[in-house]
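When you line the sequence shown up against mature numbering (1 follows the signal peptide of the UniProt record, and there is no 0), it's residues -28 to -1, 1 to 633, in that order.
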Amino acid sequence: MKMSNSVLSFKLSAICIGLSLAVTPVQAELLSEILPGLMETDDEISQVEAELEGAQHEIRIKQAGWYPTVDVTLSKGYEDQQKPADDDTMFNRREHKIEVKQLVTDFGATAAGISKAQLQYEKKANDLQAKRQTITITALKAYLNLMKDTDKLAYAKQSEGNIKKQTGMEEARVARGSGYSTDVLQSKSKLAGAYAKTARAEGSLVKARNEYRAVFGVEPGDVKSFRKPEMPTEFLPKTLEEALDMAYRKNTSLRGSNYDVEIARKDIKTAKTKFYPTIKANVDKKFKKDDGGTAGKKNEFKAHFELKMPLYAGGKDLYGLRKSDTDLSAKMEKLDKSMRDVEEKVRNAWQDLITDKTNAGFLRNSANISGEFLTLARKERKLGTRSLIDVLSEENSYITALDSAVSAETDLIISAFELLQEIGTLEVAMVQDENSAASAAPAVAQIPETSALLKTAATVAAKHIASQPEKSGEIDERQQAINEVQEDAEVIADSLNAVIRKMEGARGISQSPDVNTVEQAAKQSPEIVEVVIVPTEIREMAISPQGEMTYVPPTREEQKTELDSMMGKYAPQFAKNKEVVIVPAETREMAISPQGEMTYVPPTREEQKTELDSMMGKYAPQFTKNKIVQKTTKVALSKDELSWDTAYKKMEEAGWITVNR
């Protein structure tokens, strides 16, 4: 009994330490802050911006066709004329000429050229928008993939450490004569696999950092300061039909194809003008001196209209028109294909969003349940009721489930923004960071110190257990208790760190942890009379972007209710005196019919009671002497609920603490 009290006291102290941590600000590297700068410095965007400026100049070039042209010619030189019937002349001649030409009409050629240049400018502006959207998605993926691969490496190292610890325990069993060398070899085999998984995770992280560097042009900062962008829920279409309608109007690829069709139509109009004359108004004024073999000065002035009519060009103009017609047909075919492609992409993006949303929830729930099973399997292994291979296999399954959950949650965010890209509405301003509005909320920076305090407390608790008088036959049990305390310290440290990260939106209590942290916290917070320890999954508060909890273990009352429901449902199994008919284990397990279908045979009441007792042993810290903790509700502090009083109220409602009224 002393041992369990020590463990419980240690756990209560651990939570008190977590609630009284000091916080210091950490500069976060937020995607919403670095994206605008990337839009200004990216080489591809700069290239399209330069092309857009060139297209604007092209408009002015085409517009110049309506303005008059003014040419001035100055000529001076020596002229010698030998005349057979007159005297030869030799003069130093001069000629000054000014010529003004004004286009009267070219039957639409200049107007078509201006319209085409304007369309090309608009198409280039559309290309710039498309490029910005592409770079936004690329940057989003690089940012999120770096976060994802960092988490995966942490999980791989965690699994490696767990298997390494399990290997040490198996070696200790063999040394005491209670274990098997085959178990040690089996554990070492799994450890080698864990090393390989860590190596792959490290390689993926290096590639993710390279991708980040290539996209942003700088080395990534501290990934711990990264923050996932919020789901752009308010910008997403409500239905697939709405998404398709927006895509038909705003998709950049589809708009580009529309511009190509309009430009092809202008080319046809330009080609037709080749068969019409060009009319210009010309004004010439000349001054001549000693020119043309005539001595003296001479002034000339001419004003006239000039009509130029093409008669024959070898069929060039005719075939040019035919080529423009075929180009238009090709562009229209391309437009039809683009519409089908856009519709397919929007439908696929919509389905990806639905699938990823469902998948993320299921995979996170799977990871939580796998973690629950792994914890139970480890304890059962210590008691000798579960094989080593079960523990090692579940360790691998748990890490795989975590990897899948992290990947699915990342894919969900990417799918949402890719849908916005497909419908053509994606903008940099839509990328907002989680809790970015709560700029005053502090970031936690003392997680390492927290873990150190917890491990120190674990050491003290372990020494306390070890100092109790030894009794014959209880040495192994005492050592097992010490190991459990140290393992619990690491579990609570990880969970507490997660709690603190989830509570970044709340104002923390400013107090530096030291040797007397627990006592000081108790004195400074007299309203806290009891801290309820809840399972790791609840403490981590795995809250989805919609504010929903992914997994909450049932209370004992809920388990009893479920048990009674099952007993009523399977009443035909019981005899008159309500006793359970015990059937062979192989019958109670999964029975496969000749058609290959699985038939479920429920466990007996004794088996259910055994499982219930096992779970109650795990969740025992939830319960007080005469009170059962109710099912925990979600604790999600919004940006408008940043006071610590509100945080206390939320935690009290959730069953974390009991406040003395």
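Glycine is no exception: its CB is placed at the ideal position from the N, C-alpha and C atoms.
| field | Start-to-end residues for the alpha helix (DSSP H) that takes in residue 398 | value | For residue 398, no alpha helix (DSSP H) run applies, since DSSP gives it neither H nor E.
| Alpha-carbon to alpha-carbon, residue 295 and residue 231 | Approximately 18 Å between the Cα atoms of the pair.
| message | Please classify residue 199 as buried or exposed, where buried requires at least 16 neighbouring CB atoms within 10 angstroms. | response | With 16 or more other Cβ atoms within 10 Å, it is buried.
| task | Check whether the Cβ atoms of residue 222 and residue 395 sit closer than 8 Å, and answer yes or no. | result | Yes, these two residues count as a Cβ contact at 8 Å.
| Closest Cα partner of residue 68 within the set 319, 397, 286 and 262 | Checked all of 319, 397, 286 and 262; the closest Cα to residue 68 is 262.
| Of the residues 377, 362 and 342, the one placed nearest residue 370, counting alpha carbons only | Closest option to residue 370, judged by alpha-carbon separation, among 377, 362 and 342: 342.
| query | Taking C-alpha atoms, which residue in 253, 281 and 266 lies nearest to residue 58? | reply | Relative to residue 58, the option among 253, 281 and 266 whose CA is nearest is 266.
| query | Should residue 8 be labelled buried (16 or more other beta-carbon atoms within 10 Å of its own) or exposed? | reply | With fewer than 16 other Cβ atoms within 10 Å, it is exposed.
| Where residue 40 and residue 259 are concerned, what is the direct C-alpha to C-alpha distance, given to the nearest angstrom? | Annotation: residue 40 to residue 259 spans about 22 Å, alpha carbon to alpha carbon.
| query | Excluding five sequence neighbours on each side, which residues of the same chain lie with their C-beta closer than 6 Å to the C-beta of residue 239? | reply | Only 296 meet the Cβ criterion.
| Three-state secondary structure (DSSP) at residue 272? | Note: residue 272 maps to strand in three-state DSSP.
| task | Look up residue 63 in the DSSP assignment and give the residues it is bridged to. | result | Bridge partners of residue 63: 51.
| task | Can you give me the Cβ contacts of residue 274 inside the same chain, cut-off strictly under 6 Å, excluding the 5 residues immediately before and after it? | result | Here the set comprises 256.
| query | With a CB to CB cut of under 7 Å and the five nearest residues on each side skipped, what residues in its chain are close to residue 49? | reply | Within the same chain, 65 come within 7 Å of residue 49 by CB-CB distance, once the 5 residues on both sides are set aside.
| request: Please determine, among 224, 363 and 197, the residue with the shortest C-alpha to C-alpha distance to residue 1. | output: The shortest C-alpha separation from residue 1 is found at 197.
| query | Considering residue 262, what are the terminal residues of the alpha helix (DSSP H) in which it resides? | reply | Premise fails: residue 262 is in no alpha helix (DSSP H) and is neither H nor E.
| query | What does residue 277 pair with, by DSSP beta-bridge criteria? | reply | Residue 277 pairs with 253.
| query | For residue 37, which residues of its own chain have a beta-carbon under 7 Å away from its beta-carbon, when the five flanking residues on both sides are left out? | reply | 75, 82 and 85.
| request: Using a threshold of 8 Å, state whether the C-beta atoms of residue 109 and residue 390 are closer than that. | output: With a cutoff of 8 Å on beta-carbon distance, residue 109 and residue 390 are scored as near each other.
| query | Going by Cα to Cα distance, which pick from 162, 96, 105 and 12 is closest to residue 29? | reply | Closest by alpha carbon: 96.
| With respect to the alpha helix (DSSP H) encompassing residue 8, which residues constitute its N-terminal and C-terminal limits? | Per DSSP, residue 8 belongs to the alpha helix (DSSP H) from 3 to 13.
| query | Taking 7 Å as the cut-off, does the CB of residue 55 come closer than this to any heavy atom belonging to the ligand ZN? | reply | As for the ligand ZN, it is missing from this structure, which has no ligand bound.
| field | Own chain partners of residue 249 with C-beta closer than 7 Å, once the 5 adjacent residues on each side are dropped | value | Cβ neighbours of residue 249 beyond the five flanking positions: 279, 280 and 281.
| query | Near residue 54, which residues of its chain fall below 7 Å by C-beta distance, leaving aside the five closest residues on each side in sequence? | reply | So the list reads 60, once near-sequence residues are dropped.
| Can at least three beta-carbon pairs, one atom from the region 377 to 388 and one from the region 329 to 338, be found at a separation below 8 Å? | Contact holds: three or more Cβ-Cβ distances are below 8 Å.
| said: If the criterion is Cβ atoms closer than 8 Å, does the pair residue 195 and residue 118 meet it? | reply: The Cβ atoms of residue 195 and residue 118 lie closer than 8 Å to each other.
| field | Local Cβ density within 10 Å of residue 18, reported as buried at 16 or more and exposed below that | value | Around the beta carbon of residue 18, fewer than 16 other beta carbons sit within 10 angstroms, so the residue counts as exposed.
| said: So, at 6 Å on beta carbons, what are the nonlocal neighbours of residue 204 in its own chain, with the 5 sequence-adjacent residues on each side left out? | reply: For residue 204, the CB contacts under 6 Å within the same chain, skipping 5 residues up- and downstream, are 388 and 402 in chain order.
| message | To the nearest angstrom, how far is the alpha carbon of residue 284 from that of residue 252? | response | In this structure, the CA atom of residue 284 is about 21 Å from the CA atom of residue 252.
| query | If you draw a straight line from the alpha carbon of residue 377 to that of residue 404, how long is it in whole angstroms? | reply | When rounded, the separation of the alpha-carbon atoms in residue 377 and residue 404 is 22 Å.
| Cβ neighbour criterion (16 or more within 10 Å) applied to residue 154 | That one is exposed.
| field | Inter-residue spacing [alpha-carbon to alpha-carbon] between residue 148 and residue 372 | value | Cα-Cα distance, rounded: 33 Å.
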